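In the numbering used here, the protein residues as written are 2 to 82.
All C-beta atoms, glycine included, are put in the ideal place defined by N, C-alpha and C.
A quick note: this is a predicted structure, and the numbers were derived from the prediction, not measured.
Quick look at the structure:
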């Protein structure tokens, strides 16, 4: 006879890998061109002046400058370095 009863299989026990989303550079911070400002799913923030949008909705700086968050929009003020 078995010393212990067999374990039943569980239907849990899975987890997804972390995605590291969120704001990477905050308002007033200086950025270089190409710096990632926000990683997001969908357009939680929209691109303002001097900000590009990647295929995965990542917002990044197109010029050197200072980050500025307006209502639902992210801009980079150029030459403010």
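Membership of residue 74 in the beta strand (DSSP E) is indicated by the continuous run 74-79.
Contact between residue 32 and residue 75 is ruled out by a C-beta separation of about 11 Å, above the 8 Å threshold. Ranking 5, 13, 39 by CA distance to the CA of residue 56 puts 39 first.
When only Cα atoms are considered, residue 62 and residue 22 end up about 17 Å apart. For residue 53, the enclosing beta strand (DSSP E) covers residues 52-54. If you ignore the 5 residues before and after residue 34, its C-beta comes within less than 8 Å of the C-beta of 62, 63, 64, 65, all in its own chain and listed in chain order. Taken through DSSP and simplified to helix, strand or coil, residue 7 comes out as coil.
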